[in-house]
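Report on the following structure.
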Amino acid sequence: MSGESSYQQILHYLKLDSMYYSRSTLGGERWGIALPPFENTSMFHIVTSGRCFVLVNGESIRMETGDLVFISRACGHELKANPENEAEFLFDLPIKQISKHYDTIAINTEQAPQTNILCGIVRISHPAGERLIKEMPDIIHIGREEHVFSNVIGEIVRLVIREASGEFIGGETVITRLADVLLIQAIRTWVERDIDIKGSWLSAIRDEKIGKALSKMHSQPQVAWTVEMLGKEVGLSRTAFSNRFSQLVGDTVLNYLTHWRMNLAAMKIREGAKVDYALSESLGYQSESAFRRAFKKTMGYSVSEVNKVFRNDAV
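Under full-length UniProt numbering, the first residue of the sequence shown is numbered 1, with each subsequent residue one higher.
Below, the structure written as structure tokens:
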């Protein structure tokens with residue numbers, strides 16, 4: 001498998017845990033919303049009609065109808081009609097709970113101009129996705145004029161705007177599904193078009209030799225890989241492979257493999273997998289006890305604490 005193939009493989013690993021969505025109708029020129037950071041999550045905002053400004057890390061971004069902004073890491077930020085406006089804390093606003101994962105906010109709806117925004121809080125659950133998030137800038141802005149680069153994004157945004165109008169039965173469910181697809185496409189657009197990958201994990205993924213080795217480890221965690229075995233797979237000596245891997249990835253081969261396996265295990269356990277010999281074997285361990293010890297040593301908590309840790313991190 002080539003480096004490009006392993007890069008495509010990483011894109012296929014992107015998997016969102018949809019956590020919460022909110023639709024806001026905001027009237028007038030004086031509104032402002034201060035959003036707190038939500039740990040271990042990403043956020044997005046789509047302007048479905050009107051305009052606004054997103055202020056994050058001292059940067060002010062003007063958003064028009066059809067624009068999308070993706071805030072990759074937990075980061076407090078503000079949405080405003082105008083940059084100089086005061087911002088009211090999110091949880092002090094009149095929030096109407098529609099369902100467990102969906103609400104609406106309405107501010108001065110009788111005033112013009114009116115702006116409508118769809119916001120979402122999501123978690124990328126797969127280890128590859130989590131690693132990818134660490135490589136991303138804090139904020140990615142995809143303007144409507146950029147949709148020419150991605151017809152898929154443009155079409156999804158138009159569908160989201162249509163459903164957000166509130167005229168169609170089941171709009172909440174449809175918006176949730178569309179938002180998932182939209183976020184994955186937005187991340188793909190960034191990876192394929194905007195990223196300067198030099199010196200990053202993605203540069204290792206795209207490297208012909210190391211990308212192939214990473215692909216082997218990612219897709220076959222059950223194999224008892226050694227540095228020498230992986231070197232042979234990519235046509236390098238043990239030493240040459242080890243040095244090149246460490247230089248590009250920033251970690252040793254076996255340490256990277258162990259962390260990959262354990263993050264994969266944590267994801268599987270969160271999804272309901274039973275911790276037994278079958279799970280242990282699927283991750284390259286010959287006994288459940290050996291797997292449990294390795295998990296605790298690597299992650300800092302036991303397999304029985306996975307769901308507790310995940311719940312504590314959730315919004």
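Beta carbons: idealized from backbone N, C-alpha and C, even for Gly. Predicted, not measured: the structure shown is a model, and the values here were computed from it.
Taken in chain order, the unbroken stretches of beta strand (DSSP E) that lie wholly in the stretch 77-141 and span 3 residues or more are 77-80, 95-99, 102-107 and 114-124. With 16 or more neighbouring CB atoms inside 10 Å of its own CB, Thr-48 falls in the buried class. Here the stretch 259-271 lies against the stretch 279-295, with 3 or more beta-carbon pairs under 8 Å apart. When only Cα atoms are considered, Ile-210 and His-126 end up about 20 Å apart. Relative to the Cα of Ile-133, the nearest Cα in the group Glu-208, Asp-103, Asn-108 and Arg-188 belongs to Arg-188. If you draw a straight line from the Cα of Arg-73 to the Cα of Asp-138, it is about 6 Å long. Here Tyr-256 carries a helix assignment [DSSP, helix/strand/coil]. Here Asn-116 is buried. Its C-beta has 16 or more other C-beta atoms within 10 Å. DSSP places Ser-246 within a helical segment (H, G or I) once states are collapsed to three.
If you keep only unbroken beta strand (DSSP E) runs of at least 3 residues inside the UniProt domain "HTH araC/xylS-type" (208-309), you get nothing at all. Around the C-beta of Val-223, fewer than 16 other C-beta atoms lie within 10 Å, and the residue is accordingly described as exposed. Setting aside the 5 residues that flank it on each side, Gln-286 is surrounded in the same chain by Ser-280, each with a C-beta closer than 8 Å to its C-beta; the list follows chain order. Note that the C-beta distance between Phe-245 and Ala-273 is not below 8 Å. Judged by DSSP in its simplified three-state form, Gly-154 adopts helix. Taking the Cβ atoms as the reference, Ala-106 lies roughly 12 Å from Gly-28, outside the contact range of under 8 Å. Where Ser-42 is concerned, the enclosing beta strand (DSSP E) starts and stops at 42-49.
By a beta-carbon distance limit of 8 Å, Tyr-21 contacts Thr-176. Their separation comes to about 6 Å.
Out of Arg-23, Gly-32, Ser-302 and Trp-225, the CA that lies nearest to the CA of Met-262 is found in Ser-302.
Contact between Leu-93 and Ile-140 is absent: CB atoms are separated by about 26 Å, not below the 8 Å threshold. Among the bridge pairs identified by DSSP, Val-181 is matched with none. In this model, Ile-153 and Ile-61 are separated by some 19 Å (Cα to Cα). In its chain, beyond the 5 residues on either side, no residue has a beta carbon closer than 6 Å to the beta carbon of Lys-100.
Shown here, Ala-34 sits in a strand according to DSSP, grouped into three states. Per DSSP, Ser-203 is not a residue of any beta strand (DSSP E); the alpha helix (DSSP H) it occupies stretches across 201-206. Distance from Leu-178 to Ile-205 at the Cβ level is roughly 28 Å; contact not present, criterion being Cβ atoms closer than 8 Å. A straight line joining the alpha-carbon of Arg-162 with that of Leu-118 spans about 12 Å.
Taking every protein chain shown into account, the CB of Gln-247 has fewer than 16 other CB atoms within 10 angstroms, so this residue is exposed.
In the three-state reduction of the DSSP assignment, Arg-188 falls in the helix class, which pools H, G and I. Looking at Ala-186, Gly-143, Ile-184 and Phe-53, the one whose alpha-carbon comes closest to that of Asp-67 is Gly-143. For Ser-72, no beta strand (DSSP E) run applies, since DSSP gives it neither H nor E.
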